[in-house]
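Undergrad:
2 protein chains.
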Amino acid sequence: MAVVAKVSGEDRRWLSAAIALAERGKGLTGNNPSVGCIIVKDGIVVGRGWTQPGGRPHAEAVALELAGSAAAGATIFVSLEPCAHESARGPACTDSLITAKPARVVGALTDPDPRTAGKGFDRLEAGGIIVERDAMAAEALAGLAGFVTRITKGRPHVTLKLATSLDGCIAMADGSSRWITGDAARAHAHLERARCDAILVGAGTVRADTPKLDVRLPGLEVRSPRRIMLGSGMAPEGWEAIRTPQDVASLDCNRLIVEGGAQTASAFLRAGLVDRLMLYRAPILIGGGKPCLGDIDLTDLTEAHGKWRLADTRMLGNDRFEVYEAFPCLQA
Amino acid sequence: MAVVAKVSGEDRRWLSAAIALAERGKGLTGNNPSVGCIIVKDGIVVGRGWTQPGGRPHAEAVALELAGSAAAGATIFVSLEPCAHESARGPACTDSLITAKPARVVGALTDPDPRTAGKGFDRLEAGGIIVERDAMAAEALAGLAGFVTRITKGRPHVTLKLATSLDGCIAMADGSSRWITGDAARAHAHLERARCDAILVGAGTVRADTPKLDVRLPGLEVRSPRRIMLGSGMAPEGWEAIRTPQDVASLDCNRLIVEGGAQTASAFLRAGLVDRLMLYRAPILIGGGKPCLGDIDLTDLTEAHGKWRLADTRMLGNDRFEVYEAFPCLQA
Numbered sequence: 001m002a003v004v005a006k007v008s009g010e011d012r013r014w015l016s017a018a019i020a021l022a023e024r025g026k027g028l029t030g031n032n033p034s035v036g037c038i039i040v041k042d043g044i045v046v047g048r049g050w051t052q053p054g055g056r057p058h059a060e061a062v063a064l065e066l067a068g069s070a071a072a073g074a075t076i077f078v079s080l081e082p083c084a085h086e087s088a089r090g091p092a093c094t095d096s097l098i099t100a101k102p103a104r105v106v107g108a109l110t111d112p113d114p115r116t117a118g119k120g121f122d123r124l125e126a127g128g129i130i131v132e133r134d135a136m137a138a139e140a141l142a143g144l145a146g147f148v149t150r151i152t153k154g155r156p157h158v159t160l161k162l163a164t165s166l167d168g169c170i171a172m173a174d175g176s177s178r179w180i181t182g183d184a185a186r187a188h189a190h191l192e193r194a195r196c197d198a199i200l201v202g203a204g205t206v207r208a209d210t211p212k213l214d215v216r217l218p219g220l221e222v223r224s225p226r227r228i229m230l231g232s233g234m235a236p237e238g239w240e241a242i243r244t245p246q247d248v249a250s251l252d253c254n255r256l257i258v259e260g261g262a263q264t265a266s267a268f269l270r271a272g273l274v275d276r277l278m279l280y281r282a283p284i285l286i287g288g289g290k291p292c293l294g295d296i297d298l299t300d301l302t303e304a305h306g307k308w309r310l311a312d313t314r315m316l317g318n319d320r321f322e323v324y325e326a327f328p329c330l331q332a
Numbered sequence: 001m002a003v004v005a006k007v008s009g010e011d012r013r014w015l016s017a018a019i020a021l022a023e024r025g026k027g028l029t030g031n032n033p034s035v036g037c038i039i040v041k042d043g044i045v046v047g048r049g050w051t052q053p054g055g056r057p058h059a060e061a062v063a064l065e066l067a068g069s070a071a072a073g074a075t076i077f078v079s080l081e082p083c084a085h086e087s088a089r090g091p092a093c094t095d096s097l098i099t100a101k102p103a104r105v106v107g108a109l110t111d112p113d114p115r116t117a118g119k120g121f122d123r124l125e126a127g128g129i130i131v132e133r134d135a136m137a138a139e140a141l142a143g144l145a146g147f148v149t150r151i152t153k154g155r156p157h158v159t160l161k162l163a164t165s166l167d168g169c170i171a172m173a174d175g176s177s178r179w180i181t182g183d184a185a186r187a188h189a190h191l192e193r194a195r196c197d198a199i200l201v202g203a204g205t206v207r208a209d210t211p212k213l214d215v216r217l218p219g220l221e222v223r224s225p226r227r228i229m230l231g232s233g234m235a236p237e238g239w240e241a242i243r244t245p246q247d248v249a250s251l252d253c254n255r256l257i258v259e260g261g262a263q264t265a266s267a268f269l270r271a272g273l274v275d276r277l278m279l280y281r282a283p284i285l286i287g288g289g290k291p292c293l294g295d296i297d298l299t300d301l302t303e304a305h306g307k308w309r310l311a312d313t314r315m316l317g318n319d320r321f322e323v324y325e326a327f328p329c330l331q332a
């Protein structure tokens, strides 16, 4: 579906900024996409916004409010196609945009939500606005993977997080796991928690560790996501529970992180429900410890290859951080 | 013991070249150090050499032979202090150098061999030659770690090689391990074999896999190192056998690579006999496979930290290669 849009380098820079703004809402917008919007007139930003907590107001509404009458004749950069459907919670952004009379709307990605799905762009054009569609689809998709996965696959985008020693252990044989990774890696993992909607661990981990799964970073404590337990038994107060990995579909959220233990991680891998691996690896050897994974139904070594693509890597203190994305990747 | 030598940037460049030349003899010099030597006169290289297979002629002898009378008044750059002891196999390099009448000798590292240990430099000075000692000790030591370990610890420098999946497995549960890493990583591992003196695997691996442990790289087949089996039972023809990790002291070689399996790797780690980890890590998940290590006598997770320092990392195809050095590192 990706269309090669005729956008300039300057367009791409403004659109990149809109995509970056969208990151601010991540983990706060429930099942809504977190979108970024920048309104530029004569080279000056006259309005900007991102999806607000809970999903409303939308990014475009915030930016239009700031811009006021300056939006007339301006160019509006938006990381996702403006919505074409009205809601009890507010008007369709498409209508608000047409009313504001911008000269041009540059959209990074067509909304996969069937209620919009191109109809937003169509209506803007019908309203006399020049429209560039899918101008930076791959870049926008990276930030919207959670929303797009929920819309297209009917389940959240699932990240499996593993923190291991060099020899692939998540704990010593006696269960000790504090600490394997260092301060920088643990702080990074907490930041990733703040950017997701829900964290899941297995019932065994709940019983053994009673993990808080909160965000322990100054100023971000309020961004602790929903806590989900996989398995049977009573979930602790404030937690939700699901029975099988497939039940994540019922959570109605965009981004889920699976944090362990090995049996839970393996269950998600067996079910083919891991979109992304987030690996933290400390420069230590444990030896004979608890492996990070159990059986994942691999029957032939050749089939293990070509499934994971390195998407990011860096050092966090002395630990190596790696992100792998599952093939086939989401397509715009 | 390291002395800050007064050497110029140009001196350091020539000396780096001498250290690089020394790499050519690695794996071919038995229990002798592989040394590099460059003779420079008026900015022109008039002689160069490196330790020849079996350990003789020495680098200095090769370089002096090439330089002939041009060595008189020249500067001689050498990666290790010239030997001060005569041998049935040739004269002491110190004497050959004094006879050649260079103006100056720049040595990267004092020889830890008690038969030389500064006496080579002393005699050059007594012979009227300007001497710079330990001009690039750390750089030279990196290349001479095998020789220096054998001299100072009475055993070879031991590298533990592990090729694993992301989850730290060296094989599937049924033992399948062909292949985990890709072509580039396997070729690199064969090149490392060519640069060591001996490869060791456990008796279990010998019985299960009858590995060739040869160097399967075009043109380097003749550089296959000695093959050592750890454990009881008959070693295959052409192999040597030792009973315990400590017995590596009896091998009288500089550089040993331990290639597996997990029990053998763990035995060397338990004995504190691993100087260097060489990790090849493929972007695959195995899950419930054979772990790369067994018990290594770790009793407290805090003690696992601070033992390994990342010395090198790069991608080899899709696989990540990492080298870790054990603390405390060798000191010049």
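Residue numbers (full-length UniProt numbering), protein chains in the order written: chain U, 1 to 332; chain V, 1 to 332. We put the beta carbon where it would ideally sit given N, CA and C, even for glycine.
#1: Given U:ILE284, which residues of its chain have a CB within under 8 Å of its CB, disregarding the five upstream and five downstream residues?
#2: Residue ranges of each alpha helix (DSSP H) run of no fewer than 4 residues wholly in the stretch 222-297 of chain V, ordered along the chain?
#3: Closer than 8 Å by C-beta to V:GLY182: which residues in its own chain qualify, once you throw out the five before and the five after it? Chain order, please.
#4: Can you tell me whether DSSP reads U:ASP312 as helix, strand or coil?
#5: Give the C-beta separation of U:PRO29 and U:GLY55 to the nearest angstrom, bearing in mind that I take them to be a contact with Cβ-Cβ under 8 Å.
#6: DSSP on V:ASP111, reduced to helix/strand/coil?
#7: Taking Cβ positions, are V:LEU279 and V:GLU325 nearer each other than 7 Å?
#8: Report yes or no: do the stretch 304-311 of chain U and the stretch 254-273 of chain U share at least 3 C-beta pairs separated by less than 8 Å?
#9: Please tell me whether V:MET278 has its Cβ less than 7 Å away from any Cβ of chain U.
#10: For a contact meaning CB atoms closer than 7 Å, what does U:ARG56 contact in chain V?
#11: Closest to U:ARG12 by C-alpha separation, out of U:LYS101, U:GLU81, U:THR94 and U:VAL106, would be which residue?
#12: Quick check on DSSP: helix, strand or coil for U:THR75?
#13: In terms of alpha-carbon separation, which member of V:ILE129, V:VAL148 and V:ARG104 lies closest to V:ALA117?
#14: Would you kindly work out how many angstroms separate the C-alpha atoms of V:VAL45 and V:TRP14, rounded to a whole number?
#15: Out of curiosity, what's the CA-to-CA distance linking V:MET1 and V:GLU81?
#16: By the criterion of Cβ-Cβ separation under 9 Å, what are the contact partners of residue 333 of chain U in chain V?
#17: List in chain order: all unbroken alpha helix (DSSP H) runs of 4+ residues lying wholly within the UniProt domain "CMP/dCMP-type deaminase" (9-132) of chain U.
#18: Just checking, does the stretch 249-260 of chain V make contact with the stretch 252-263 of chain U on the three C-beta pairs under 8 Å criterion?
#19: For the pair the stretch 129-142 of chain V and the stretch 128-147 of chain U, tell me if three or more CB-CB distances fall below 8 Å.
#20: DSSP has U:THR210 in a bridge; who is on the other side?
#21: Mapping DSSP to helix, strand and coil, what is U:GLY175?
#22: Quick check on this structure: which residue in U:ASP295, U:GLY289 and U:PRO211 has the alpha carbon closest to the alpha carbon of V:ASP295?
#23: Could you give the distance in angstroms between the alpha-carbon of V:VAL201 and the alpha-carbon of V:GLY233?
#24: Taking a cut of 9 Å between CB atoms, which residues from the stretch 307-332 of chain U lie near chain V?
#25: At a Cβ threshold of 7 Å, is U:MET172 touching chain V?
#26: Quickly, what does DSSP pair V:CYS169 with across the bridge? List them, please.
#27: When you compare the CB of U:ALA163 with every CB in chain V, is at least one pair closer than 7 Å?
#28: Thinking C-alpha only, which one of U:LYS161, U:ILE199 and U:ASP174 is nearest U:ILE286?
#29: For U:PHE321, which of helix, strand or coil comes out of DSSP?
#30: In three-state terms, what does DSSP make of U:THR302?
#31: Would V:SER227 and V:TRP239 qualify as a contact pair, given that the criterion is a beta-carbon distance under 7 Å?
#32: Can you tell which of U:GLU237, U:PRO156 and U:CYS292 has its C-alpha closest to the C-alpha of U:GLY260?
#33: Which residue or residues does DSSP assign as beta-bridge partners of V:ILE151?
#34: Taking the alpha-carbon of U:CYS37 as reference, which of U:ALA108, U:ASP312, U:ARG155 and U:ILE242 has the nearest alpha-carbon?
#35: What is the DSSP secondary structure of U:THR205, reduced to helix, strand or coil?
#36: So with Cβ pairs under 7 Å, would you call U:PRO291 a contact of chain V?
TA: Once the coordinates are examined:
#1: Mapped onto the first sequence, residue 284 of chain U falls at position 284. If we look at U:ILE284 and ignore the five residues flanking it on each side, its Cβ neighbours are SER165, LEU166 and ILE180.
#2: 262-270
#3: As a position in the second sequence, residue 182 of chain V is number 182, starting the count at 1. The residues are ALA282, LEU316, GLY317, ASN318 and ASP319.
#4: If you number the first sequence from 1, residue 312 of chain U lands on position 312. Strand, per DSSP.
#5: What you label residue 29 of chain U is simply residue 29 of the first sequence in a count that begins at 1. What you label residue 55 of chain U is simply residue 55 of the first sequence in a count that begins at 1. Residue 29 of chain U is actually Thr in this sequence, not Pro. Indeed they touch by this definition, with Cβ atoms about 5 Å apart.
#6: What you label residue 111 of chain V is simply residue 111 of the second sequence in a count that begins at 1. In the structure shown, V:ASP111 sits in coil (DSSP, three-state: anything other than H, G, I, E or B).
#7: One-based indexing of the second sequence puts residue 279 of chain V at position 279. One-based indexing of the second sequence puts residue 325 of chain V at position 325. No, the pair does not count as a contact, with Cβ atoms beyond the cut-off.
#8: no
#9: Numbered from 1 along the second sequence, position 278 holds the residue referred to as residue 278 of chain V. So no, V:MET278 is outside the interface.
#10: Numbered from its first residue, the first sequence carries residue 56 of chain U at position 56. Correct list: empty, because the minimum Cβ distance to chain V is about 40 Å.
#11: Numbered from its first residue, the first sequence carries residue 12 of chain U at position 12. Closest option to U:ARG12, Cα to Cα, is U:VAL106.
#12: For the purposes of this step, residue 75 of chain U is taken as residue 75 along the first sequence, with counting starting at 1. Three-state result, U:THR75: strand.
#13: By 1-based counting over the second sequence, the position of residue 117 of chain V is 117. With distances taken between Cα atoms, V:ALA117 lies closest to V:VAL148.
#14: Translated into the one-based positions of the second sequence, residue 45 of chain V becomes position 45. Translated into the one-based positions of the second sequence, residue 14 of chain V becomes position 14. Roughly 9 Å between the two C-alpha positions.
#15: The sequence position of residue 1 of chain V within the second sequence is 1, counting from 1. The sequence position of residue 81 of chain V within the second sequence is 81, counting from 1. Residue placement at V:MET1 is poorly supported in this model, since its pLDDT is 47, which falls under 50; the coordinates are not used for a value here.
#16: Because chain U in this structure spans residues 1 to 332, residue 333 of chain U falls outside the shown range and cannot be described.
#17: 9-22, 59-67, 93-100 and 119-126
#18: no
#19: no
#20: Within the first sequence, residue 210 of chain U is the residue found at index 210, counting from 1. None; U:THR210 has no bridge partner.
#21: For the purposes of this step, residue 175 of chain U is taken as residue 175 along the first sequence, with counting starting at 1. Coil, per DSSP.
#22: Locating residue 295 of chain V in the second sequence gives position 295, where the first residue counts as 1. Ranking U:ASP295, U:GLY289 and U:PRO211 by Cα distance to V:ASP295 puts U:GLY289 first.
#23: Along the second sequence, one-based indexing puts residue 201 of chain V at 201. Along the second sequence, one-based indexing puts residue 233 of chain V at 233. In a straight line, the C-alpha of V:VAL201 is about 13 Å away from that of V:GLY233.
#24: LYS307, TRP308, ARG309, LEU310, THR313, MET315, ASN318, ARG320, GLU322 and TYR324
#25: Against the first sequence, residue 172 of chain U aligns to sequence position 172. Answer yes: the Cβ-Cβ gap between U:MET172 and chain V drops below 7 Å somewhere.
#26: Mapped onto the second sequence, residue 169 of chain V falls at position 169. Paired residues: V:PRO291.
#27: Reading the first sequence from its first residue, position 163 is the one you call residue 163 of chain U. By this cut-off, U:ALA163 is not an interface position.
#28: Counting from 1 along the first sequence, the entry for residue 286 of chain U is found at position 286. Nearest option by C-alpha distance: U:ASP174.
#29: Here residue 321 of chain U refers to the residue found at position 321 when the first sequence is read from its first residue. U:PHE321: strand per DSSP, three-state reduction.
#30: Taking the first sequence and counting its residues from 1, one reaches residue 302 of chain U at position 302. In the structure shown, U:THR302 sits in a helix (DSSP, three-state: H, G or I).
#31: In the second sequence, the residue the question calls residue 227 of chain V occupies position 227. In the second sequence, the residue the question calls residue 239 of chain V occupies position 239. Per the sequence shown, residue 227 of chain V should be read as Arg rather than Ser. Their beta carbons are under 7 Å apart, which means V:ARG227 touches V:TRP239 by this criterion.
#32: As a position in the first sequence, residue 260 of chain U is number 260, starting the count at 1. The shortest Cα separation from U:GLY260 among U:GLU237, U:PRO156 and U:CYS292 belongs to U:CYS292.
#33: Residue 151 of chain V sits at position 151 when you count from the first residue of the second sequence. DSSP output for V:ILE151 lists no bridge partner at all.
#34: Taking the first sequence and counting its residues from 1, one reaches residue 37 of chain U at position 37. Cα-wise, what sits closest to U:CYS37 is U:ALA108.
#35: Sequence index remark: in the first sequence, residue 205 of chain U carries index 205 (1-based). Looking at U:THR205 - three-state DSSP - the assignment turns out to be helix.
#36: Reading the first sequence from its first residue, position 291 is the one you call residue 291 of chain U. By this cut-off, U:PRO291 is an interface position.
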